[in-house]
Structures are given as structure tokens and as C-alpha cells.
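Going down the list, the sequences are from chains V and H. Here the working numbering is used: the first residue of the first sequence is 1, the next is one more, and so on. Here the working numbering is used: the first residue of the second sequence is 1001, the next is one more, and so on. C-beta: ideal position from N, C-alpha, C; glycine also. All values derive from a computational prediction rather than experimental measurement.
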Amino acid sequence: MAYDKFNVLSSTVVPLPTENVDTDQIIPARFLKATEREGFGDNLFRDWRYDSEGQPKKGFVLNDPTYQGKILVAGKNFGSGSSREHAAWAIYDYGFRCVVSSFFADIFKNNALNVGILPVTVSPEFLDEIFEAVEKDPNTNLEVDLKRQTITLLATGKSESFDINPYKKANMQNGFDDIDYLLNLKEEIVDFEKSR
Amino acid sequence: MEKKTLFDKIWDAHVVKSVEKGPDVLFIDKHFIHEVTSPVAFLNLEKRGNSVLFPERTIATPDHNVPTEGQEQTIKDKLSRMQVERLRENCRKYGIELHDLGSEHHGIVHVIGPELGVTQPGMTIVCGDSHTSTHGAFGAIAFGIGTSEVEMVFASQCIMQAKPKKMRITIDGELGEGVTSKDIILYVISKISASGGTGYFLEYAGSAITSLSMEARMTICNMSIEMGARGGLIAPDETTFAYLKGKKYSPSGKAWDDAVAYWKSLKTDEGADFEVEHHFDAADIEPMITYGTNPGMGIKIKENIPTGADLLGSNKKSYQQALDYMGFQAGEPIKGKKVDYVFVGSCTNGRIEDIRAVANFVKGKQKAENITAWIVPGSKEVEKLAHEEGLVDILKAAGFELRQPGCSACLAMNDDKIPAGKYAVSTSNRNFEGRQGPGARTLLASPLTVAAVAITGVITDPRELAVADYAGV
Ligand code: SF4
């Protein structure tokens, strides 16, 4: 899927300090029945966001207008559990372009990169600092610069660099995905298959 | 000569090309698909004007959202029906083998792959489902992928992956009576934590592993993902070959001999390097159960729920949130807690050995009144055997309800949901909030423990019921 190119993103953030946020929380299985990719954002964090009557739950951050933005900041081990790419789609569809945590589950990270969400891993200390800064001032901005691979808390000027595979980085910057690359290799792949 | 791990040997043999400073282009031997994670991949494939490059390498079955009652009739739920119909259309259109509802080999994708002999040592296997790790039990590299990658496999039979690091988990010694492979893996996860395997591919080794049956090995590899690992594998041996012999897609004649000769070479060289090694003693393992909302939150049934002090680096708030959800207190015993539902099924423990174990245990007994007991076979084949062996009669007499094959209450995409606030002791693999239905409280355990709980109605160590009842799996 083609997605928006990612260069520099400066935005207020939505804080979710919970650890081990699993894919069943991001998008519960009962909402995976669509045969198209759109619309999953409505059910992002469904059971934390709405009660059984479908009413918004007070106290959950997505229902709190104080916090808005294109960056989701979450506790460690974000995205554990299932391989459902729907989790990444829901986050993208809701409007996030970047998720920040001190630790990501593997498959989620892969899926995120494949759909155009940048997962940024920061140190546990920096993560705490972001949460504190946002609590103090919900208008605090984070700046994520993909080219320089830095994430900066504008309020304090504190900055960290983050890792990303150079190949994946180039893809994100250009809005490409792996399929473009693989299709160009088709002949080699067909030969490889024959040799098996 | 360079010393290689089993994982290296298989991985390296499948690299079509390595991108400089990037991932490897990995050739995929077998691709399993199901109704939930494939439709968007097919849709995008079409949008880009691509086709399925090697349709004979993909195999399909609807399992996640299907009803487990009345499978002969049209699916009532409109969205589920659409997904299953879309799978049928796509398989027809692209010439993909489909094991449809009601057919001889229908079932959970990770149960039918091995049953059919599609899963073989030395292969690379992927599926849009994280429990693809199950197939690692055969000495294959098997892992879950996202829908974008499903599309890649359709279009190119490859995915792009950086080679993971390697971790070996060695368990030596003999398992005690009443201790099963499910207890091994719940124990290991409780030690390594729900994220401790992230970035790694696991190899399980040691005498406690090699003495297990193929089905028991599948239970272990299945839950590798619950440590955050992409997958886990076990070197193939005589047990593996005996299991595969004569299966529908297993090689035969001369091809079989050649295959076995190759499979025998699939083991980790002595002295090969793992980034991380863990050793456990089988004698330390006892019947396990989870008390929280991730599979790392597991204890021996005889133990008390941990207080915050002995947590694996988790913060207090998230820990408390998990206990609040479960309605438990730190420090209290888990044994004796009242339970409402038991569920035997899923790709972790929905195979015939699991159903045998439960049936042997409950034979001649009655489930407790407060318990609703569901048994959902992992496949048509399992269902058939359960009937033939008389297990269904035993289970029904004990008050269990038998349903038709599918994922069922493992993820509650169909009607098999545990009601909010109720406690379910389940043989499945995930105890996440709401996994078995909104508000449902899940405790993961072995089939034997589930059988014991069904009889007593409360959390019970299966060893405390008459020793003669053990199925000894
Ligand atoms: S049984 Fe559960 S874990 Fe296994 S494939 Fe189905 S939903 Fe996934």
C-alpha cells in the first residue's frame, strides 16, 4: 500500500502510559471482519474507549480533548500479541503517524513500517520525561526527524537519536513499500524456485 | 567449517538476496491463509494488477470467525459470511487449495498443516497469524506475518526480513506426573516474560523436549510468540519422521528416503553460537496457571499471586491494572478460586492428544454445576478421531458440550464468547483483556488442569485428584 511520505513530524502527543498494550486492546478481534482496509480507526482501543453501550468512557485518553496529535506515546512492550495488521491500520486510520515507546513487539513494528507508521524506540528515561512533560503541558510538542533520526521534546530541548534500518528508512521517506522492490526481483525469484 | 545453528541452516538456504544494510529477501516454501487476514491482501494485489506467483504453495482454510454450531448451514453473521465467501472466491480465482467448512480436512490452519503433512522439516512457512510458530515443532522456520506481507508472498513468494537473533532454551530432565508440555511453556514464559524473546528466534532443546510427542512439541512452539519471539523450532528426529510418514502431502518411496536423509542433517552444530541461552530443569516444572492479562503472568497452581516485589521489571500501575481486571489480590492463593467456564480447544491444545487427556481424566465423573464446559476440536480430523475413539461419549456423559472445529473461544470472533466478568480456564494461548469476549477473564492452563477444574468447579492442581486418573501426557 502506498502511504504518505515521512520526513519531519512535529506534533502534540497522546499519552498512554500503560505497559504491554496488546493487539487485542488496539483492535479487538470482533472488529476484524471487514474485507477492506478503511474504517478501523473508529474501533481503535474500542473496549478502553467505549462501554458496552457504546458510550465513550470518561478517563480514557482518546476521549479527552486535552490530548490530541499525530504521535501516540505508549508504555513499554507496545503491540504484543497477534500479527493482525489491522492494529497498525487502526492507528493510521485514526490519524497517528508515529508511535513512541521504550519497547515494541516485533511483528507490530514490522507492520507499522509496512503501512507508513514510524515506530520510534526511546530510552525508558526519555519516555518518562515525555510523559511528565505532557502531563504538565498537554500542548507540548515532540519533533520526529526521520532524516536525522532524532526525536526532540521541544519544551526542554532534550533530544535522542533512534535506530531504523536504512532500507526501511528510505522506504518511509519515499512512501515506497517492499512489494515494489520484490516485483523487480521476480526473475531471480522464479529461478530460485526452480532450483529448489 | 563454520558452525551453524538449525535456524541458520534453514534461513541461509532460503535467502534469494540480501539487501545491502537491509533485510534479506526470504523465499517462502509454504503459505497458509485464512479468511480474516487475507481479503485486503487479495484486494491490494488486484489493485496493483498483480497475480499469485505460485498458487500451489498456498493453502487456505476458514477458521477464525466461523461458527462452531450449524456449519452445514449458511453463516448467519453477515460480516463473517462475507469474509468466508471472499476467501472462497479468491481461492477459486487464483487456483489456491481450499479446505472449506465441513470438508474432510477443515480446521484451524495450524492444526491442519501438520495433519496433512504440508508442514515439513527445513521449510520456511508463513501465515497471517502469529501462532504460525506452531509449525516450528517440525524443524521449520515458521512465523506470523502482517497483511502487507501476505500480499508480498502472493505476488513474489518472498518477504523481506532482517535475520533475527538466536536464543536457545534447553530443558533437561524428566517431567513429573501430571505435568504437560503446556506447563513447560507457561513456566518458560513466566521466567522469560511476555517480551523477553523479542528480536529472537528460539530453539528448544534438551531431553525434556526431545522426549515429547509431536503434538506436545507443537504446544510449545505455538506459544513462542507469547514471549515476543517470532517463532521457535525443535530439531527434527525419529518422532518427527514417524509422525509425517504416510501423511497426505508427505513424500513417499524414494523421495521419502531422500527427504529423511536431508532432514537428519537439520540440527544445530556442536559449538554453534546463540546470542542468549537459557537452561531449565524439568523437575522444577509443575502444573501452571496464569493469573494476569499477559501470558508471562503465570505461576504454579500451588503458589500465591505475586506481590509487586517480584515482577519482571513491569511497573506497579500496569500490574495493578491487570489484577483489577482479573478481580484478584496480590499475595492471595490462586487455588480454590471459583471458575465459570472451561474451554478445551485452539491451535495450542485442540488436538487429539489433548482431547484424549481430558476424556481420560473426566471419565466416569461429572463436571461441577457452576461450570460450562466447551470442547472444540482443532479440526475435522480431530473431531472424527474423538468420535471413533469414544471420547465424545465420555465427555458428553461428563457434561461437556462438543462444538465443531474452529478457533472459537480462543479469540471470540464468533458467538463463542465468555460473558463479561466471568472466569474461564482455557487451553488457549492468550489471556489478554477481552480476548475471549469483552470483559472476559481468562486463565491459561493445560488440558489436564482444565479437566480437573471442570470437575471441581474451582482452580485445582490436577495432581490432587486421584493419581490413577492421569492420562500421563
Ligand atoms: S486458535 Fe486462536 S491462536 Fe490459534 S489460530 Fe485460531 S485464533 Fe489464532
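Does the Cβ of residue i lie closer than 7 Å to at least one heavy atom of the ligand SF4?
i	result
H:I1108	yes
H:L1411	yes
H:H1105	no
H:S1346	yes
H:N1429	yes
H:C1158	no
H:H1099	no
H:D1324	no
V:C98	no
H:C1407	yes
H:D1129	yes
H:H1135	no
V:D47	no
H:H1014	no
H:D1063	yes
Can you round the beta-carbon distance between residue i and residue j to whole angstroms, since I take them to be within the 8 Å contact cut?
i	j	result
H:A1272	H:V1358	Contact flag wrong, Cβ pair sits at about 39 Å.
H:T1372	H:Y1341	5 Å
H:K1335	H:I1301	6 Å
V:I151	V:V122	6 Å
H:V1339	H:V1425	5 Å
H:M1223	H:P1114	Contact doesn't hold; Cβ gap of about 16 Å is too wide.
V:G79	V:Y3	Not a contact, Cβ separation roughly 18 Å.
H:I1096	H:T1058	5 Å
H:N1429	H:E1226	6 Å
V:F192	H:V1016	5 Å
H:H1034	H:V1153	So it is not a contact: roughly 14 Å between Cβ atoms.
H:G1139	H:G1117	So it is not a contact: roughly 14 Å between Cβ atoms.
H:I1305	H:A1330	6 Å
V:R97	V:F6	7 Å
H:W1011	H:I1185	Not really, about 23 Å apart at Cβ, beyond 8 Å.
V:P17	V:G95	Between V:G95 and V:P17 the Cβ distance is about 20 Å, and since that is not below 8 Å, they are no contact.
H:V1111	H:S1379	4 Å
For the segment 1226 to 1234 of chain H against the segment 1093 to 1105 of chain H, are there 3 or more C-beta pairs whose distance is under 8 Å? no
May I ask you to verify whether the segment 1248 to 1257 of chain H touches the segment 1152 to 1159 of chain H, counting CB pairs closer than 8 Å and requiring at least 3? no
Pick out the complete alpha helix (DSSP H) segments inside the segment 1080 to 1150 of chain H, 4 residues or longer, and give them in chain order. 1109 to 1116
*Would the segment 57 to 72 of chain V and the segment 1127 to 1135 of chain H be scored as touching if the rule is three or more Cβ pairs under 8 Å?*
no
- Message: At 4 residues or longer, what runs of the alpha helix (DSSP H) sit wholly inside the segment 79 to 136 of chain V?
- Response: 86 to 94, 106 to 115 and 124 to 136
Problem set entry | Continuous beta strand (DSSP E) assignments of at least 3 residues falling wholly in the segment 1259 to 1314 of chain H | 1276 to 1281, 1288 to 1290 and 1298 to 1300
>> For the pair the segment 33 to 52 of chain V and the segment 98 to 107 of chain V, tell me if three or more CB-CB distances fall below 8 Å.
In response: no
Can you find at least 3 beta carbon pairs, one from the segment 1062 to 1077 of chain H and one from the segment 1395 to 1406 of chain H, that sit closer than 8 Å?
yes
Report task. For the segment 1359 to 1419 of chain H, list the alpha helix (DSSP H) runs that are entirely contained and at least 4 residues long, ordered along the chain. Result -> 1380 to 1388 and 1391 to 1397
Could you say if the segment 128 to 135 of chain V and the segment 6 to 20 of chain V meet the contact criterion of at least three C-beta pairs nearer than 8 Å?
yes
query = Does the segment 1011 to 1021 of chain H come within contact of the segment 1046 to 1053 of chain H, defined as at least 3 CB pairs closer than 8 Å?
reply = no
Worksheet entry | Cβ pair count under 8 Å reaching 3, the segment 1175 to 1184 of chain H against the segment 1438 to 1448 of chain H | yes
Practice item. Assess, as a yes-or-no matter, whether the segment 136 to 151 of chain V is touched by the segment 1004 to 1011 of chain H under the definition of 3 or more beta carbon pairs within less than 8 Å. Key: no
Any contact of the segment 1426 to 1443 of chain H with the segment 1079 to 1099 of chain H, i.e. 3+ C-beta pairs under 8 Å?
no
Pairing CB atoms from the segment 83 to 99 of chain V with CB atoms from the segment 47 to 60 of chain V, are three or more of them under 8 Å? no
TODO: Counting only runs of 3+ residues fully inside the segment 1021 to 1062 of chain H, write out the beta strand (DSSP E) ranges in chain order.
DONE: 1024 to 1027, 1030 to 1033 and 1058 to 1060
Unbroken beta strand (DSSP E) runs of length 3 or more, entirely within the segment 1313 to 1353 of chain H: which are they?
-> 1341 to 1344
Q.
Under 8 Å: do the segment 1345 to 1354 of chain H and the segment 1313 to 1322 of chain H share three or more Cβ pairs, one atom per stretch?
A. no
Cβ contact check for the segment 1165 to 1174 of chain H and the segment 1191 to 1203 of chain H: 3 or more pairs under 8 Å: yes
Requested in this report: Scan the segment 4 to 79 of chain V and note each continuous beta strand (DSSP E) run of 3 residues or more that stays entirely inside, going in chain order.
Outcome: 8 to 16 and 71 to 74
Residue ranges of each beta strand (DSSP E) run of no fewer than 3 residues wholly in the segment 1159 to 1233 of chain H, ordered along the chain? 1165 to 1172, 1200 to 1205 and 1231 to 1233
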